[in-house]
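Asks: Under the UniProt record's numbering, the sequence shown has 60 at position 60, and the numbering climbs by one with no breaks. Have a look at this one before I ask anything.
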Amino acid sequence: MQSPPDSAPSITLTPVGTIHSPFADIAGMPIQPNGARGTRGTVEVFPSFAGGLRDLDGFERIILIYAFHQCNGHQLVVRPFLDTTPRGVFATRSPKRPNAIGLSTVRLIEVKGGTLTVEDIDVLDGTPLLDIKPYVPAFDAYPGSRCGWFENVACNAETHRSDDRFR
């Protein structure tokens, strides 16, 4: 397997906040936001970044980008939660990624100072927040798109729960 070239830039990310949820352990938590409908959490944005929340309260949904801080290492082939067939990690939503970055689209309930109240949260409590983006259906939704092997199993994400295979 070829490594990145020596000329590849190193990337350093600084958390802008912390995500809080009722999920203290990876095992048993929802695997996607649609499996966490109604579950509330908060997003604490650090004071030095709170100015970036201006005008966010006009959006119904936001995209949280975060670090999978409880995952150790990565796997290029994984057995995803919704399938028994090993799949390439880039064709899955597995947290065992070369760059352990996750994203969740959640409902924004309230912006109060540097704290966001959100719903449909499927993120482990204490997760480092890397960024927030507004969800804009005209940019982010492509109904009717092909979705590969997920085509017949995506609906199962609402009831399927995590286990500890991706620690």
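The C-beta atom is built at its ideal place from N, Cα and C for all residues, glycine as well. Here the structure is a predicted model, which is why all the values come from computation and not from measurement.
1. Mapping DSSP to helix, strand and coil, what is L124?
2. Does the count of Cβ pairs from the stretch 12-25 and the stretch 122-138 closer than 8 Å reach three?
3. Nearest-angstrom Cα distance between R54 and P86?
4. Cβ atoms of R107 and R61: under 8 Å apart, would you say?
5. Does the beta-carbon distance from G148 to A91 come in below 8 Å?
6. Counting only beta-carbon separations shorter than 8 Å, does A138 have a partner in chain D?
7. Name the DSSP beta bridge partners of Y66, please?
8. Taking only three categories from DSSP, how would you classify V136?
9. How many angstroms separate the CA atom of S145 from the CA atom of F81?
Replies: Working from what's here:
1. coil
2. yes
3. 43 Å
4. yes
5. yes
6. The chain labelled as chain D is not found in the depicted structure, where only one protein chain is given.
7. G102, L129
8. coil
9. 21 Å
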